[in-house]
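Chemist: Chains C and Z supply the protein sequences, listed in that same order. Here our numbering is used: position 107 in the first sequence is 150, and no number is missing along the way. Here our numbering is used: position 102 in the second sequence is 145, and no number is missing along the way. All residues carry an ideal CB built from backbone N, CA and C; glycine is no exception. Structure below; questions to follow.
Protein chains: 2
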Amino acid sequence: MKKYCFGVDVGGTTIKMGLFDVDGNVLDKWEIVTRTENGGVNVLPDIAKAVEDKMTEKSITKEEVAGVGVGVPGPVDAKGIVHRCVNLGWDEFNVNDKLGQLVGMPVMAGNDANVAALGEMWKGGGQGHNDLVVVTLGTGVGGGIIINGKMLTGANGAGGEIGHIHVQDGEPEECGCGNKGCLEQYASATGIVRIAKRILEKTQQATVLNADSVTAKDVWDAVKAGDAVAIQVAEQFGKYLGEGLAAIAGVVNPEAFVIGGGVSKAGEILLSYVEKNYKPVVFHGSRDVKFALATLGNDAGIFGAAKLVLG
Amino acid sequence: MKKYCFGVDVGGTTIKMGLFDVDGNVLDKWEIVTRTENGGVNVLPDIAKAVEDKMTEKSITKEEVAGVGVGVPGPVDAKGIVHRCVNLGWDEFNVNDKLGQLVGMPVMAGNDANVAALGEMWKGGGQGHNDLVVVTLGTGVGGGIIINGKMLTGANGAGGEIGHIHVQDGEPEECGCGNKGCLEQYASATGIVRIAKRILEKTQQATVLNADSVTAKDVWDAVKAGDAVAIQVAEQFGKYLGEGLAAIAGVVNPEAFVIGGGVSKAGEILLSYVEKNYKPVVFHGSRDVKFALATLGNDAGIFGAAKLVLG
Numbered sequence: 044m045k046k047y048c049f050g051v052d053v054g055g056t057t058i059k060m061g062l063f064d065v066d067g068n069v070l071d072k073w074e075i076v077t078r079t080e081n082g083g084v085n086v087l088p089d090i091a092k093a094v095e096d097k098m099t100e101k102s103i104t105k106e107e108v109a110g111v112g113v114g115v116p117g118p119v120d121a122k123g124i125v126h127r128c129v130n131l132g133w134d135e136f137n138v139n140d141k142l143g144q145l146v147g148m149p150v151m152a153g154n155d156a157n158v159a160a161l162g163e164m165w166k167g168g169g170q171g172h173n174d175l176v177v178v179t180l181g182t183g184v185g186g187g188i189i190i191n192g193k194m195l196t197g198a199n200g201a202g203g204e205i206g207h208i209h210v211q212d213g214e215p216e217e218c219g220c221g222n223k224g225c226l227e228q229y230a231s232a233t234g235i236v237r238i239a240k241r242i243l244e245k246t247q248q249a250t251v252l253n254a255d256s257v258t259a260k261d262v263w264d265a266v267k268a269g270d271a272v273a274i275q276v277a278e279q280f281g282k283y284l285g286e287g288l289a290a291i292a293g294v295v296n297p298e299a300f301v302i303g304g305g306v307s308k309a310g311e312i313l314l315s316y317v318e319k320n321y322k323p324v325v326f327h328g329s330r331d332v333k334f335a336l337a338t339l340g341n342d343a344g345i346f347g348a349a350k351l352v353l354g
Numbered sequence: 044m045k046k047y048c049f050g051v052d053v054g055g056t057t058i059k060m061g062l063f064d065v066d067g068n069v070l071d072k073w074e075i076v077t078r079t080e081n082g083g084v085n086v087l088p089d090i091a092k093a094v095e096d097k098m099t100e101k102s103i104t105k106e107e108v109a110g111v112g113v114g115v116p117g118p119v120d121a122k123g124i125v126h127r128c129v130n131l132g133w134d135e136f137n138v139n140d141k142l143g144q145l146v147g148m149p150v151m152a153g154n155d156a157n158v159a160a161l162g163e164m165w166k167g168g169g170q171g172h173n174d175l176v177v178v179t180l181g182t183g184v185g186g187g188i189i190i191n192g193k194m195l196t197g198a199n200g201a202g203g204e205i206g207h208i209h210v211q212d213g214e215p216e217e218c219g220c221g222n223k224g225c226l227e228q229y230a231s232a233t234g235i236v237r238i239a240k241r242i243l244e245k246t247q248q249a250t251v252l253n254a255d256s257v258t259a260k261d262v263w264d265a266v267k268a269g270d271a272v273a274i275q276v277a278e279q280f281g282k283y284l285g286e287g288l289a290a291i292a293g294v295v296n297p298e299a300f301v302i303g304g305g306v307s308k309a310g311e312i313l314l315s316y317v318e319k320n321y322k323p324v325v326f327h328g329s330r331d332v333k334f335a336l337a338t339l340g341n342d343a344g345i346f347g348a349a350k351l352v353l354g
């Protein structure tokens, strides 16, 4: 009888770990350092050791554990094969097989954004929905798409890479992916700063925003205070993201969009700018989609990883 | 032992019917008229009668038939519930249940574009692929998305409605869906004519195209003959469709795009304009996707319907 599972969220600096019961209650939560040196050769052994140490500490046997779910910061296909993972120094190999051999239990790996989406569906802002899109607005823009309760992985693990949808011709700066005009260049924290700086360069209007030091948080705080220039920034952000999500809805027709990541701390006001730009351009079959904020924060990854291995 | 199945493709004027063996060979193919009067009340009984007549003619018993698959010109959810079907006069009801009762065999219904995509995957231009997007360029632009061998239906049957992705701000004319600036307004047969007329209005260049009578076929024939104005039209078409498909790839990361519909008769040259606009803006994980032409033509629907019920 399976009583437990582990959810692991591998980041470039720390690895978040969670011990869950099979109903999704967190029994323990801790972090270990990500040792990326030597092509990240220590990462999986470190995870295996952390899992085994925890089982010893809690007197848990392998027979009681459903397995270990893992979110990885790079494309992972449906078989668990990771196709290069720059942040960890990893090349191509099968995470399910390799970590599975180390722990002697079933392992299921997925892309971290997709796995986080599964977490928000299971225990976060997407509860009650089987078809949803989770958008993470942080330093970049990540996405995870859940269709009929399962992650949309894509042919080679690049499903849900919505931050790199082309939304603007003529953008002079390059995105991290090498293209120009990606959604991420306008809807991420750094994207909001980019929009703000461009508007601040040209405007004569009074504003609390300072072009030298402006952050995404400054912009949203100023929007809430009624700052006219900040509202212009929010409008542009809302148009890029609202129209981007409308395109995504035209493809997958989700029940809900769940918005998370640091930028989403701005709260409901952010959703309002997205929704008002979404509705006029979306196909009517997706017009009444629900917009919600993510609720699990940095824990979405461990929850989703646990759900992934529970199935 | 199941030996046969029926594939039915319901259109606004005719209903295409096919009798298949379970390996996907067409044993017989015929059409009946779509009687749309009285809220389309006769459509399902007419299909049931056509199925029964064919079974009598061929001495096939119900025990030998896996079921009846049906493609319907409107949104159909995963349970077979049709949510209004304007072309047939239908309101909301469950096609699987209603036709199932009439024929006394399993029935599976889906949206016609999604079902056609399943057909192209099974026996057409998408053979060998499990994750693909089929784009139908006809009077409108339809789409069908296959993930892991199954149709992406969406929350209420509007999955794959890619013709209504917003691709252009400031479009003065309305799309059939009521929005402005939909992909369909530029990439369909009528969309190509729209682009051509707008270019012809302004250009001084010599061209074989005539603004009063130009068709999509005229444009592609002129492109092949090297007509400079027609090439401008093809470039614009390619930019809209190429960038639209790149956005779709950012969402689902397919193995292949399969392009069908009347416009696709232009052939490989059409794909070249799409691909060259797709590659520069798509996320690198989807850059090497395969572009192929659909091969089943008007039969994609009956093939896909058969596959739908065979599972």
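Starting from the C-beta of residue 297(Z), find all residues in its chain whose C-beta is less than 7 Å away, skip the five residues before and the five after it, and write them out in chain order.
Modeler: If we look at residue 297(Z) and ignore the five residues flanking it on each side, its Cβ neighbours are 174, 175, 176, 332.
Chemist: Is the Cβ of residue 134(Z) closer than 8 Å to any Cβ of chain B?
Modeler: The chain inventory of the structure shown lacks chain B, comprising the protein chains C and Z.
Chemist: Only counting the same chain, and skipping five residues up and downstream in sequence, which positions put a Cβ closer than 6 Å to that of residue 192(Z)?
Modeler: Same-chain partners within the cutoff: 173.
Chemist: Does residue 300(Z) come within less than 8 Å of chain C when only Cβ atoms are used?
Modeler: False, the Cβ-Cβ gap to chain C never drops below 8 Å.
Chemist: Based on DSSP bridge pairs, tell me the residues matched to residue 52(Z).
Modeler: In DSSP, residue 52(Z) forms a bridge with 59(Z), 114(Z).
Chemist: Assuming residue 179(Z) is part of the beta strand (DSSP E), what are its boundary residues?
Modeler: Run containing residue 179(Z): 175-180, per the beta strand (DSSP E) assignment.
Chemist: For the candidate residues 47(C), 139(C), 312(C), whose alpha-carbon lies nearest to that of residue 103(C)?
Modeler: The shortest C-alpha separation from residue 103(C) is found at 47(C).
Chemist: Given a cut-off of 8 Å on the beta-carbon distance, is the pair residue 113(Z) and residue 152(Z) in contact?
Modeler: Against a cut-off of 8 Å, the Cβ pair of residue 152(Z) and residue 113(Z) comes out as a contact.
Chemist: Where do the ends of the alpha helix (DSSP H) carrying residue 223(C) lie?
Modeler: First-last for residue 223(C): undefined, no H or E at that position.
Chemist: Would you say residue 204(Z) lies against chain C (beta-carbon separation less than 8 Å)?
Modeler: So, interface residue.
Chemist: Taking the alpha-carbon of residue 201(Z) as reference, which of 141(Z), 62(Z), 220(Z) has the nearest alpha-carbon?
Modeler: That would be 220(Z), whose Cα lies nearest to the Cα of residue 201(Z).
Chemist: Where are the beta strand (DSSP E) runs, 3 residues long or more, that stay fully inside the region 68-122 of chain Z, in chain order?
Modeler: Taking only runs of at least 3 residues, the beta strand (DSSP E) segments lying wholly in the region 68-122 of chain Z are 69-76, 108-115.
Chemist: Which residues in chain C sit within 8 Å of residue 174(Z), going by Cβ to Cβ distance?
Modeler: Under the 8 Å cutoff, chain C gives 197, 198.
Chemist: Among 232(C), 259(C), 269(C), 233(C), which residue has its Cα nearest to the Cα of residue 248(C)?
Modeler: The candidate whose alpha carbon is nearest that of residue 248(C) is 269(C).
Chemist: What would DSSP say about residue 205(C), mapped onto helix, strand or coil?
Modeler: Looking at residue 205(C) - three-state DSSP - the assignment turns out to be helix.
Chemist: Could you run through the region 263-294 of chain Z and flag, in chain order, every residue whose CB is less than 7 Å away from some CB of chain C?
Modeler: Flagged, chain order: 286, 289, 290, 291, 293, 294.
Chemist: Which partner residues does residue 136(C) have in the DSSP bridge list?
Modeler: Beta-bridge pairing links residue 136(C) to 125(C).
Chemist: Return the chain-ordered list of same chain residues with a C-beta closer than 6 Å to the C-beta of residue 271(Z), the five sequence neighbours on each side being excluded.
Modeler: The residues are 248.
Chemist: Threshold first: 3 residues or longer. Then list the beta strand (DSSP E) segments lying entirely within the region 265-302 of chain C, N to C.
Modeler: Here no run is fully enclosed.
Chemist: Using a 10 Å radius around the Cβ and a threshold of 16 neighbouring Cβ atoms, would you call residue 157(Z) buried or exposed?
Modeler: Looking at its Cβ environment, which holds 16 or more other Cβ atoms inside 10 Å, residue 157(Z) is buried.
Chemist: Could you give the C-beta distance for residue 348(Z) and residue 51(Z), rounded to a whole number, given that I count them as a contact under 8 Å?
Modeler: Confirmed, about 5 Å.
Chemist: Does the beta-carbon distance from residue 184(Z) to residue 214(Z) come in below 8 Å?
Modeler: For residue 184(Z) and residue 214(Z), no; Cβs fall outside 8 Å.
Chemist: Going along chain C, which residues have a C-beta under 7 Å from residue 317(Z)?
Modeler: Chain C residues near residue 317(Z): none, gap ~14 Å exceeds 7 Å.
Chemist: By a C-beta neighbour count over all protein chains shown, 10 Å radius and 16 as the cutoff for buried, is residue 21(C) buried or exposed?
Modeler: Lying outside 44 to 354, the shown extent of chain C, residue 21(C) is not represented and no answer is given.
Chemist: Can you tell me whether DSSP reads residue 257(Z) as helix, strand or coil?
Modeler: The answer is coil: DSSP assigns residue 257(Z) none of H, G, I, E or B.
Chemist: I'd like to know whether the C-beta of residue 238(Z) is nearer than 8 Å to at least one C-beta of chain C.
Modeler: Not one chain C Cβ lies under 8 Å of residue 238(Z).
Chemist: Are the beta-carbon atoms of residue 250(Z) and residue 236(Z) separated by less than 8 Å?
Modeler: No, these two residues do not count as a Cβ contact at 8 Å.
Chemist: What residues from chain C crowd round residue 326(Z), counting only those whose CB sits closer than 7 Å?
Modeler: Neighbours of residue 326(Z) on chain C, chain order: 201, 204, 207, 220.
Chemist: Could you name the residues of chain C that residue 253(Z) contacts, counting a contact when the two beta carbons are closer than 9 Å?
Modeler: Those within 9 Å of residue 253(Z) in chain C number zero; the least Cβ separation is about 31 Å.
Chemist: Mind checking which residues open and close the alpha helix (DSSP H) that includes residue 347(C)?
Modeler: 343-353 is the span of the alpha helix (DSSP H), which, as asked, contains residue 347(C).
Chemist: By Cβ distance below 7 Å, which residues in the same chain neighbour residue 233(C) in space, the five residues on each side in sequence not counted?
Modeler: 182.
Chemist: Which of helix, strand or coil does DSSP assign to residue 335(C)?
Modeler: Here residue 335(C) sits in strand by DSSP.
Chemist: Grab the span of the alpha helix (DSSP H) containing residue 162(C) for me, first residue to last.
Modeler: Here the alpha helix (DSSP H) through residue 162(C) covers 155-166.
Chemist: Closer than 9 Å by beta-carbon distance: list the chain Z residues that pair up with residue 296(C), in chain order.
Modeler: The contacting residues are 118, 195, 196, 197, 198, 199, 200, 201, 202, 203, 204.
Chemist: For residue 289(C), which of 346(C), 222(C), 324(C), 81(C) has the nearest alpha-carbon?
Modeler: Of 346(C), 222(C), 324(C), 81(C), the residue nearest in Cα terms is 324(C).
Chemist: Check the Cβ-Cβ distances between residue 329(C) and every residue of chain Z, and say whether any is below 8 Å.
Modeler: Taking Cβ atoms only, chain Z reaches closer than 8 Å to residue 329(C), which makes this a yes.
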